[in-house]
Structures are given as structure tokens and as C-alpha cells.
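Trainee: Shown below is the structure under consideration.
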Amino acid sequence: MTASADTLGPPPTSVGVIGWLRKNLFSTWYNTALTLVSLWLIYTVVGQLLVWTFTTARWEVITANLRLFMVGPFPPEQVWRVWIVLCIVSVLMGLSASVYGGTMRTFAVWLAAAFATLIVLDLIAEQARPFADFARRVAEGGASQFWLALPGMVWLLVNLALLALGWSIGRGRAQWRTALILAWLGSFFVTVALLQGYGKDTWLPEIGTNLWGGLLLTFMLSVVSIVVSFPLGVLLALGRRSKLPAIKIFCILYIELVRGVPLVTILYMTQIMLPLFLPGELRIDNVARAMAAFTLFTAAYMAENVRGGLQAIPTGQIEAAHAVGLNDAQTTLLIVLPQALRMVIPAIVGLFISLFKDTTLATIVALLELLGVGRSVLAQSEFLGLQTEVYVFVAAIFFVFSYAMSFASYRVEEALGVGKR
Amino acid sequence: MIDVGMVSGIRDMIVAKDVHKWFDRLHVLRGVSLTVKSGEVVVMFGPSGSGKSTFIRTINRLEEHQRGTIIVDGIELSNDIRNIHAIRQEIGMVFQQFNLFPHLTVLQNITLAPMWVRRWSREQAEQAAMDLLRRVGIPEQAQKYPAQLSGGQQQRVAIARALAMQPKIMLFDEPTSALDPEMIKEVLDVMTQLAKSGMTMICVTHEMGFARAAANRMVFMDGGQLIEEGTPDQIFQNPQQDRTKLFLSQILH
């Protein structure tokens, strides 16, 4: 008896590792040559990179200035506020990981891994010194020094614990989904309030935004601009399709004007020209002006992305919504926008990623965000000539967060079945 | 002013008088007048481009008519948004391309309007939706998305969605034209059952079997005008107009 057609397996040379290698890397003589050349190139480049990373590079420029890179000129005795913010994020992240699962769980694992890595690195680099320092300061300054002098490693351990705590509390509580979104939004305002503080001699003295810096400032610029420009962009896109000519013309003018001007110009205008036009007593600080510039700029692009989604909705959808009795507002909110927005998720996330990276332009208006801190560190005499280390570090941080956004967008698309239904 | 119809419970649901409509300069409805009484099932047929779809779309204001009057259940269609809104709540419509909302499940498609327009509670709306899904024969599909259903199933969901608003009138705009042949019957069965239950219906369709089984009256349209109307027997056995005869001979091979 011979094997019938439906039990016949594929030929052994076409499957498995060898089959794959043969088919993709060594199918012809020039393919083989290309493969070998590529292997040699990868070996040399990656090899050099590894050698540089682990032997040549002087990473002490990073470790010595880590606080600067993270928070810039933020007063050191007030850095606990930033740690508290991170604690809030950790708890929410832990909760989200178990309540939502999926992508949030992946992110929580990444965050935990980041905390653990930092703890280990800290242990290797500093050993017990921070604890001795902590003990000395508390002994000298009493209880008031306790929170202020707490070593970073303790904060990291607390964050790791909070992450785990959030995760275990949130298990089996799918009903918290909506509440958790509100909590994330709320945490945004708590963060701003906590970092800013109020009054002069209070328990939480005001810290001007001119003292915000480093990764903290990069985050605040990006998050504020993203959170505000999103609804603004949606409104502009809807306005552009409005039947009322005044609204329509305003939206078109706004979108086209902003899109026709480079971001740098808008930054300069909000920084230098805005104060000239505003009355003297009305002062808006630098950071807020930069946030406004990024927000207004991004909103125009957001509007065009959303418009693309709106145009792709068939008129049949709107007719069906009207036919079952929904009014115009309900049709837009329940039928048109949900479909339009999920269609343009990739474009919107792309916009957010470029906004996140564009915040580095704030250095040119004298804000010390991550790249600005890098440049000021390089100006210190003991770290002259270490550009490579600093820029690689800054680039790595930008890459990690940009990739995280891109990864999240991909997973959200999958979950919503974009392109499938 | 009480007429006989009111006393016996039969009244005029749709009164269209001399309805005209232009697309730019193209005159697509040239004075259509039609009265449909409650419980009546009217089948409209005619060549493509004859204005039958446009006409039924003027009844719930998906298209605006530019001359003449349309009165639905005593409410005259005007530019007053409240009138349009009130009329749309009394009319259910089923489209050729189904037009289900692809981002919502079958159940959400059906409960959306009752919850947002009629302000029903979720429980009440879902219970009513499940009753309707049982009526159209697909309660087991409630949690699926439209793209996961066959064309016939999607159209039955669309019918359930329209019925969920408890309309007094149902409009069908070529409900079986986009379906594969083997799925036409399941949709027509639901429509026939609906017609037998006493729903007032206007159906634009070329399914002559359905017309024979369920219609009280047939209307032939051509060139934006009503050419001929009569009972199915009159139309099939003894059409009066040459254009009707020609068209019937073309579709009844």
C-alpha cells in the first residue's frame, strides 16, 4: 500500500532548520556569497560594538550624572516627589497588568525587569555606600532627613513591591477596567500637582517648571502634549467637515497654517514672541509655552490623520445610524469616531512617537530636557570628549520608549482586529 | 373629521403627494403620489434608475424631497429636525448592503438605538434584542461581530436591528440583491413572517415569489413616476401598461 495523497509528508529538505537555511540563505551561489559577506559584516560591527560597550566606554559619565539625566536641576531634596510619582505609576501598572492582561502585562514585566536591573547595577556600583550615607544623615539631621535621604535603591525596591502588590490586588477584577482608565487620567493631574507644589514655606513648596529637567521634563512635555492634542485634533478634524462655514474655515486655516510652518519656528514664536504680545503682568513660564507649542503643532497633524479615518467611513454607516434614530452627535460619537479612530491607530501612534522625539527641540529654547542635560553634562571639564557615551545613552532611552509605544500600538491593532472587520 | 378607516383601526400610515426630487439637474422623482395604509405590504419594482430606492429613502429623510408633501403617521416631513427625528423613530429601514456597525457585536448593534434613543436600560434592551434574534432565527450569534456572519445572517440581524426600535413602518431597500442565491430564502422567510404579523411595509425588490406570497399591492415605477399599481394577481395576470408588460417579461424569463 502506498501513502495516499493526504498522508504524504513534505520532502525533508523543505522543512526544519536545514530546509529553511537552504531555501533562504544558500539557494544559489550569489545568495550564498551574500550570506557570507553579511555574516562577516555583522560579526565585525556587533563585535566592535560589544568591545566598546564593555571595555572602552567610560560609563561613569552616566552614573555620576544619573540624577541630572533623570530630573535635571530639580532640587535634590525634593526628588522624593518624583519617586512618589513613579510609585503611583508602579501601582497602576501592576493593577493594569492583572486587570487588562495582554500588552499591559508585558509592559509590567518590562518595568519590573528595569527595576530589577537598576537594583543589581546599583548594588554592583555603589555597594553599601548609600546606606551608610543614609544612616549618617538621619543620625545628624533626625527624622526630618529620613524621607529626603532615602537611597534610590530603597525606592526601587518599594516600586518593585508596589508593582507586585498592584498585580495581586487586581487579579480577577475585570470590573475595574473603566475605573482604572479614570485612575490613569487622575494620576496625570496628581503628578502635575505633586511636582509643582504650592506656596513658599509649605510642606510642598512650589518648584517652578524652570527647574524641571532631564527625562522627567521629556516625559511631561510629551505626555501633556499627547493628552491635550488628541481631543483637540479630533475636534479640528470634525470641524473641518462641519456644515457651518465659520467653523470649517477656521479649522482649515488653523490646520494649513500650522502644517505650513516648521516646529522650530512655532517653538521660537511661543518662547520669544508670545511674551512681547502679552501684557507684562501675565507671565506664562517657559515649559508651559513649550507644551503649548508642541500641543498646537501636533493637533494639526492629528486632525489630518483623523480626517483620513473619517473619510474612510462609508456613507451607509451614517445612513444606518440615522435610520435607527440616532442624532448627529450620537452618530459621530458612537458610530463614526470609533471606527475612524481605530483605522488610524498606526498613524496616530507614529505621530506620538515623533512628538516624543521632537521634544528634544526644546533644548534650543533653553529647556534642559534629556538631550539638553546630555549637552550640559558634556560641558563639564571632567567629562570632556565623552560624546559617544552620552549620546548612545540618550538614544537608547528614546529607543526604549518609542519602541514601547510602537509595540503597544501593534498589540492594540491586533486586539481590535484592525483590517479584519 | 372621522373617516371610516380610523374607526376600524386602519389609517393612512404614509401619504406622499406629488413628490419631486432632483440630483443637481437630474429629475429623478417626477411627481410620485402613494398612500399606504396601516398593515399594508407594498412591493415596488421597476428597472434600475427608476427612482424606487430614492423614493423610499425620502420617506425617512435620508434624501430630501424638493416638492410635494410626505406625511408619516400624521407627521409632515419638514426641515424641522424634531419632525425628522420623530419620523425616523417610527420607521425601520433595511439596506441592500446591510450596513451593520462592524465595530459592535450583533447584540450591541441591536441594543444601541433602544438604549441611546429610547433610553431603555441595558437589561431591557438586551432582553428585547434576544427575543428579536430568536424571531429571526439566530440567537446563538449574539456575541459575534458582523464580519463573522454570512450575508443572510447579517441581513437578518439588520432586520432585527430595525425592529428593535418598535417601528410602525418598515422600509426594505433591495434587501436580497447583495446576497448569494442560497441565502435569499432565509431573509425572505423573515420578511414574509413580518408581513403576516401585520407590519406596514414598503419593499423595493424583484423577488416576485415574495410579492405573490406577501404583498397586498404592487407598484411599478419607471423614469421617476408610478406607472401602474394593483394587486399581485392584477399585475401578474393582467398588466395594463406596455412598460409593465415588457419589464415583467424581462425578469420572469
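Those sequence lines, one after another, are chains A and B.
Counting from 1, one number per residue, gives the positions in the first sequence under our numbering.
Counting from 422, one number per residue, gives the positions in the second sequence under our numbering.
Backbone N, C-alpha and C define an ideal beta-carbon position, used for all residues, glycine too.
Bear in mind the structure is a predicted one, so any value in this text is a computation, not a measurement.
So, with DSSP's three-state summary, where would you put I431 of chain B?
Mentor: On the second sequence, residue 431 of chain B is found 10 positions in, with the first residue counted as 1. DSSP places I431 of chain B in coil when its eight states are reduced to three.
Trainee: Residues in the stretch 315 to 344 of chain A with C-beta within 8 Å of chain D's C-beta atoms, listed in sequence order?
Mentor: In the displayed structure, chain D is absent; the protein chains listed are A and B.
Trainee: Residues in the stretch 501 to 527 of chain B with C-beta within 7 Å of chain A's C-beta atoms, listed in sequence order?
Mentor: Under the 7 Å Cβ criterion, the stretch 501 to 527 of chain B contributes H506, R509, Q510, M514, F516, Q518, N520, F522, P523, H524.
Trainee: For M422 of chain B and L647 of chain B, what's the separation of their Cα atoms in angstroms?
Mentor: Stepping through the second sequence from its first residue, residue 422 of chain B is reached at position 1. Stepping through the second sequence from its first residue, residue 647 of chain B is reached at position 226. With a pLDDT of 41 at M422 of chain B, under the threshold of 50, the modelled position of this residue cannot be trusted, and the question is left open.
Trainee: Across which residues does DSSP place T621 of chain B in a beta bridge pair?
Mentor: For this step, residue 621 of chain B is matched to residue 200 along the second sequence. According to DSSP, which records beta bridges pairwise, T621 of chain B is partnered with B:I590.
Trainee: How close, in whole Å, do the beta carbons of A132 of chain A and T63 of chain A come, if the pair is a contact with beta carbons under 8 Å?
Mentor: Counting from one through the first sequence, the residue named residue 132 of chain A turns up at place 132. Counting from one through the first sequence, the residue named residue 63 of chain A turns up at place 63. In fact, because the Cβ distance is near 18 Å, the residues do not count as touching under 8 Å.
Trainee: Check whether the stretch 225 to 233 of chain A and the stretch 380 to 392 of chain A touch, using three or more Cβ-Cβ pairs below 8 Å as the test.
Mentor: The stretch 225 to 233 of chain A, when compared against the stretch 380 to 392 of chain A, does not touch it at the 8 Å Cβ threshold.
Trainee: Provide the residue span of the alpha helix (DSSP H) that contains T665 of chain B, from first to last.
Mentor: Locating residue 665 of chain B in the second sequence gives position 244, counting from the first residue. Counting along the chain, the alpha helix (DSSP H) containing T665 of chain B begins and ends at 663 to 672.
Trainee: Where does Y301 of chain A land, buried or exposed, given buried means 16+ other C-beta within 10 angstroms?
Mentor: In the first sequence, the residue the question calls residue 301 of chain A occupies position 301. Under this definition Y301 of chain A is a buried residue.
Trainee: With distances taken from CA atoms, which of A:L21, A:I42, A:G9 is nearest T32 of chain A?
Mentor: Here residue 32 of chain A refers to the residue found at position 32 when the first sequence is read from its first residue. For T32 of chain A, the nearest C-alpha among the options comes from A:L21.
Trainee: Suppose the cutoff is 8 Å on Cβ atoms and the five residues either side in sequence are ignored; what does the same chain contact list for D424 of chain B look like?
Mentor: Translated into positions along the second sequence, residue 424 of chain B becomes position 3. Model confidence at D424 of chain B stands at a pLDDT of 45, short of 50, so the residue's coordinates are unreliable; what they give is reported in the following sentence. Contacts found: none.
Trainee: Spell out whether any CB of chain A is found under 7 Å from the CB atom of V557 of chain B.
Mentor: Looking up residue 557 of chain B in the second sequence gives position 136. So, not an interface residue.
Trainee: Tell me, to the nearest whole angstrom, how far the beta carbon of I559 of chain B is from that of R577 of chain B; I am working on the premise that it is less than 8 Å.
Mentor: Sequence index remark: in the second sequence, residue 559 of chain B carries index 138 (1-based). Sequence index remark: in the second sequence, residue 577 of chain B carries index 156 (1-based). About 6 Å separates the two Cβ atoms, so the contact holds.
Trainee: So the alpha helix (DSSP H) Q529 of chain B belongs to, where does it begin and stop?
Mentor: Residue 529 of chain B sits at position 108 when you count from the first residue of the second sequence. Run containing Q529 of chain B: 527 to 537, per the alpha helix (DSSP H) assignment.
Trainee: Mind listing the chain A neighbours of A534 of chain B? Cutoff is C-beta to C-beta under 7 Å, in chain order.
Mentor: Start at 1 with the first residue of the second sequence, and residue 534 of chain B comes out as number 113. Within 7 Å Cβ-Cβ: V324, G325, L326.
Trainee: Between the stretch 426 to 445 of chain B and the stretch 604 to 618 of chain B, do at least 3 Cβ pairs fall closer than 8 Å?
Mentor: No: fewer than three Cβ pairs fall under 8 Å.
Trainee: When you compare the CB of W537 of chain B with every CB in chain A, is at least one pair closer than 7 Å?
Mentor: For the purposes of this step, residue 537 of chain B is identified with residue 116 of the second sequence, where counting begins at 1. So yes, W537 of chain B belongs to the interface.
Trainee: Can you say whether D501 of chain B is buried or exposed, counting buried as having 16 or more other CB atoms within 10 angstroms of its CB?
Mentor: Here residue 501 of chain B refers to the residue found at position 80 when the second sequence is read from its first residue. D501 of chain B is exposed by the Cβ-count criterion.
Trainee: Would you say L554 of chain B lies against chain A (beta-carbon separation less than 7 Å)?
Mentor: Against the second sequence, residue 554 of chain B aligns to sequence position 133. L554 of chain B does not count as touching chain A.
Trainee: With a threshold of 7 Å between beta-carbons, can M1 of chain A be considered close to chain B, or not?
Mentor: Your numbering for residue 1 of chain A matches position 1 in the first sequence. Confidence at M1 of chain A is low in this model, with a pLDDT of 48, below 50, so its placement is unreliable and the value that follows should be read with caution. Not one chain B Cβ lies under 7 Å of M1 of chain A.
Trainee: List the DSSP bridge partners of E369 of chain A.
Mentor: Against the first sequence, residue 369 of chain A aligns to sequence position 369. Answer by DSSP bridge pairing, in chain order: A:G214.
Trainee: So if DSSP puts Q646 of chain B in a beta bridge, which residue, or which two residues, is it bridged to?
Mentor: In the second sequence, the residue the question calls residue 646 of chain B occupies position 225. DSSP output for Q646 of chain B lists B:D643 as bridge partner(s).
Trainee: Could you work out which residue in B:Q575, B:I656, B:S618, B:T652 is closest to Q518 of chain B when comparing CA atoms only?
Mentor: Reading the second sequence from its first residue, position 97 is the one you call residue 518 of chain B. Checked all of B:Q575, B:I656, B:S618, B:T652; the closest Cα to Q518 of chain B is B:Q575.
Trainee: According to DSSP, is D494 of chain B part of a helix, a strand, or is it coil?
Mentor: Residue 494 of chain B sits at position 73 when you count from the first residue of the second sequence. Coil.
Trainee: Within 10 Å of its beta-carbon, does D594 of chain B have 16 or more other beta-carbons around it, so buried, or fewer, so exposed?
Mentor: Against the second sequence, residue 594 of chain B aligns to sequence position 173. By the neighbour-count rule (16 or more Cβ atoms within 10 Å), D594 of chain B is buried.
Trainee: Can you list, in chain order, the residues of the stretch 458 to 484 of chain B whose Cβ is nearer than 7 Å to any Cβ on chain A?
Mentor: Under the 7 Å Cβ criterion, the stretch 458 to 484 of chain B contributes N481, L483.
Trainee: Consider the Cβ of M586 of chain B: report whether some Cβ of chain A lies at a distance smaller than 7 Å.
Mentor: Residue 586 of chain B sits at position 165 when you count from the first residue of the second sequence. Closer than 7 Å to some Cβ of chain A, the Cβ of M586 of chain B qualifies, so yes.
Trainee: Take A583 of chain B and list the residues in its own chain whose beta-carbon comes closer than 8 Å to its own, dropping the five residues that flank it on each side.
Mentor: Within the second sequence, residue 583 of chain B is the residue found at index 162, counting from 1. The answer, listed in chain order, is G513, M514, V515, M591.
Trainee: Below 8 Å, can you find three or more Cβ-Cβ pairs linking the stretch 336 to 346 of chain A to the stretch 374 to 388 of chain A?
Mentor: Flag = no, the stretch 336 to 346 of chain A and the stretch 374 to 388 of chain A do not touch.
Trainee: If you follow the beta strand (DSSP E) that H448 of chain B is in, where does it begin and where does it stop?
Mentor: Along the second sequence, read from residue 1 onward, the residue named residue 448 of chain B stands at position 27. Where H448 of chain B is concerned, the enclosing beta strand (DSSP E) stretches over 447 to 458.
Trainee: Buried or exposed for I546 of chain B, please, with buried defined as at least 16 other CB atoms from any protein chain shown within 10 angstroms of its CB.
Mentor: What you label residue 546 of chain B is simply residue 125 of the second sequence in a count that begins at 1. A quick correction: the sequence has Ala, not Ile, at residue 546 of chain B. Classification for A546 of chain B: buried.
Trainee: Does the beta-carbon distance from S402 of chain A to V349 of chain A come in below 7 Å?
Mentor: Taking the first residue of the first sequence as 1, we reach residue 402 of chain A at position 402. Taking the first residue of the first sequence as 1, we reach residue 349 of chain A at position 349. Not closer than 7 Å, so no.
Trainee: How about the stretch 630 to 645 of chain B and the stretch 457 to 475 of chain B: do they share at least three Cβ pairs that are nearer than 8 Å?
Mentor: Contact holds: three or more Cβ-Cβ distances are below 8 Å.
Trainee: From the DSSP secondary-structure annotation, give me the bridge partner or partners of G651 of chain B.
Mentor: Along the second sequence, one-based indexing puts residue 651 of chain B at 230. BP columns for G651 of chain B point to B:M639.
Trainee: Answer with buried or exposed for S474 of chain B, where buried requires no fewer than 16 other C-beta atoms within 10 angstroms of its C-beta.
Mentor: Sequence index remark: in the second sequence, residue 474 of chain B carries index 53 (1-based). That one is buried.
Trainee: Please state the DSSP three-state secondary structure of A408 of chain A.
Mentor: Position 408 of the first sequence, counted from the start, is the residue given in the question as residue 408 of chain A. Three-state DSSP puts A408 of chain A in a helix.
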